[in-house]
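Residue numbers (the numbering used here): 18 to 682. Note that beta-carbon positions come from the ideal geometry of N, C-alpha and C, so glycine has one too. Just so you know, these numbers come straight off a predicted model, no measurement behind them.
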């Protein structure tokens, strides 16, 4: 017979005001499960059973065979006490206190209507020695409630959550194993108890079935440990769990629970960067899950069970942050201690090996930032990420030293009250500064070794049997068609030719003489490199440079040169000597005829080069791999250097520094 249903509230308004984030799409199912658990507890049966059915919407499947249809309807069946008169009355009462002793808030059914369009309820139950069946649709519009007396039958309640709303459906777990794991996580405390009902989940996808109690017994129960910890003046229980059962559970978490239910989840990796990469005694990877409960959390949970009503800024209350930090400190120093220690050892070995063999510039970090090195997540020590992490720490050291140096240099001597303490601090600063300087030098020397390897490769015959053009060597030493005003100091490698060339006033690479700027020369000829050295002090009628360096590159193993390279550089000298410059007073004056020129001709020593050198009266080098000499008419010192000698000398100079710094070869 029809039965009146009076929910004396504005149901649509109550549902509208119920807060349910889309990310909490699993909560309606969890509410149905807890109702079933409470119904079984109230019935007193020792054989409680809950069956969950996931019905999928096959019409939303695409042609891709690997895609899983989304869940459309969810059915929850239990053999609990059922919708008796008292339970039905409680159902009709908004925010009912009927089951408050169990932690119920009386709003679970509003969460159903928040995420689903319609709820079907069918319940068979016993009351006062008689058996009844009550059924109704629970929806925002008018509901039709039926109650009839039936023959004796086993109690059974069936809740069907129909027509998932799209935005919630999109956030519901896609696979049965994830749904199963989330249910176990949420109701772990019930699974731990010996009276937990048998919970089975059925999926229309390939007719899959999982018994959650079996999953718990095999994958979680063997790894449980109960402990207690203190946060301020409150005591909390923590259940520590190692989870192996699902590859989809790939992060460690802390769960704050209330009334035997999971409420809030915090990623442990946010506080312990390596918490997701722990390995047990058998070498198996696991994630750590902690469940925290207490009467304090039971009291402060909000109505929707999505958060706790405690102000983190209120110094009197124990805040969520207080609880989480106390829990993390507890597990870090107890349950997780051996696993984190193993990770710490692994990180130390990887970092030390990388610094020793690949990045000696970071050596000071081992001495001055040992603790900070351990804060680098283990996953960041893979691939190229390790260098970035070490660079960040190195930059931090450098900034701290700059600030400390400024502090020492700007501090008046009259402010120094404790000379011994000041001296100790200053000596510590100098030690750190020296170590950092050595590290930077090591980085620079390692960089130079790479450049020399590239130069060596440029001088070798290619796969086509030909040698590189001189531009490839030129570009390695200084970028073409650039000036010293265009590039950073670190971008050139003039040291390959001569260490002193790095210190200059102005340099032009592969630019016409009439574009030099520093000197006015009417010529379109293009030296490979032209370098002007500056005066230490300028007098009014002097040129703004004290000497000029010219570098000319010739193609490796070129047998025929169209022109004499010695005459070529002397031609450049004539053009420059015939030019004008602007002096200190702003007047154009001729280039000083006494300006010395230093010329380097980089080439392989062919018979033709030997002949040109003899004609110019240049002296052979003892090694036989070059010539040198002075040409008075041009006030020019000229060196002809073979590519082999250039490379060998640069390697020797660099290797001396390698050995001094004990760098690996």
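Span of the beta strand (DSSP E), counted from its first residue to its last, around residue i
i, result
"residue 646", "643-648"
"residue 135", "133-144"
"residue 217", "215-220"
"residue 208", "From DSSP, residue 208 is part of no beta strand (DSSP E) but of the alpha helix (DSSP H) over 205-209."
"residue 165", "162-167"
"residue 90", "88-95"
"residue 241", "241-248"
"residue 257", "251-260"
"residue 525", "523-526"
"residue 42", "It is not in any beta strand (DSSP E) - residue 42 carries neither H nor E in the DSSP assignment."
"residue 149", "147-155"
"residue 565", "564-570"
"residue 543", "Taken as a continuous stretch (DSSP letters only), residue 543 belongs to no beta strand (DSSP E), as it is neither H nor E."
"residue 654", "653-658"
"residue 71", "66-73"
Boundaries (first-last residue) of the alpha helix (DSSP H) holding residue i
i, result
"residue 608", "Element bounds for residue 608: n/a, residue is neither H nor E."
"residue 175", "Unbroken run through residue 175 is the beta strand (DSSP E), 173-181; no alpha helix (DSSP H)."
"residue 350", "337-350"
"residue 380", "380-385"
"residue 357", "354-374"
"residue 105", "102-109"
"residue 490", "487-494"
"residue 231", "229-236"
DSSP-derived helix/strand/coil call for residue i
i, result
"residue 578", "coil"
"residue 636", "strand"
"residue 272", "strand"
"residue 308", "strand"
"residue 284", "strand"
"residue 225", "strand"
"residue 84", "coil"
"residue 619", "strand"
"residue 320", "coil"
"residue 60", "helix"
"residue 21", "Because the pLDDT at residue 21 is just 49, under 50, the model does not fix this residue reliably, and the value given afterwards should be weighed accordingly. Coil at residue 21, not helix or strand."
"residue 497", "coil"
"residue 405", "helix"
"residue 130", "helix"
"residue 519", "helix"
"residue 550", "strand"
"residue 298", "coil"
"residue 482", "Low per-residue confidence applies at residue 482: pLDDT is 49, beneath 50, and the placement is therefore not dependable, though the value from the model is reported in the following sentence. It is coil, neither helix nor strand."
"residue 590", "helix"
"residue 537", "strand"
Supposed contact pair residue j and residue i - C-beta distance, whole angstroms, cut 8 Å
i, j, result
"residue 43", "residue 175", "About 20 Å; that fails the 8 Å criterion."
"residue 619", "residue 658", "6 Å"
"residue 257", "residue 352", "5 Å"
"residue 538", "residue 530", "4 Å"
"residue 469", "residue 667", "6 Å"
"residue 243", "residue 251", "Going by Cβ atoms, the distance from residue 243 to residue 251 rounds to 17 Å, so no, they are not a contact pair."
"residue 500", "residue 564", "18 Å between Cβ atoms; not a contact."
"residue 518", "residue 548", "6 Å"
Environment of residue i [buried if 16+ CB atoms lie within 10 Å]
i, result
"residue 131", "buried"
"residue 378", "buried"
"residue 121", "With a pLDDT of 44 at residue 121, under the threshold of 50, the predicted position of this residue should be treated as unreliable, and no value is reported."
"residue 671", "buried"
"residue 502", "exposed"
"residue 376", "buried"
"residue 542", "exposed"
"residue 520", "exposed"
"residue 76", "exposed"
"residue 133", "buried"
"residue 204", "buried"
"residue 356", "buried"
"residue 142", "buried"
"residue 400", "exposed"
9 Å Cβ cutoff, residue i in contact with chain C
i, result
"residue 71", "Annotation note: the requested chain C is absent from the structure, which comprises a single protein chain."
Touching by the beta-carbon criterion (3+ pairs, under 8 Å), the stretch 87-100 and the stretch 180-187: yes
Touch test, the stretch 502-521 against the stretch 634-643, Cβ-Cβ under 8 Å, three pairs minimum: no
Touch test, the stretch 62-71 against the stretch 337-347, Cβ-Cβ under 8 Å, three pairs minimum: no
Cβ contact (3+ pairs, closer than 8 Å) linking the stretch 51-60 and the stretch 147-158: no
Touch test, the stretch 274-293 against the stretch 314-333, Cβ-Cβ under 8 Å, three pairs minimum: yes
Cβ pair count under 8 Å reaching 3, the stretch 390-405 against the stretch 358-375: yes
Any 3 or more C-beta pairs closer than 8 Å across the stretch 287-295 and the stretch 226-238: no
Segment contact flag, the stretch 163-175 with the stretch 189-198, C-beta cutoff 8 Å, min 3 pairs: no
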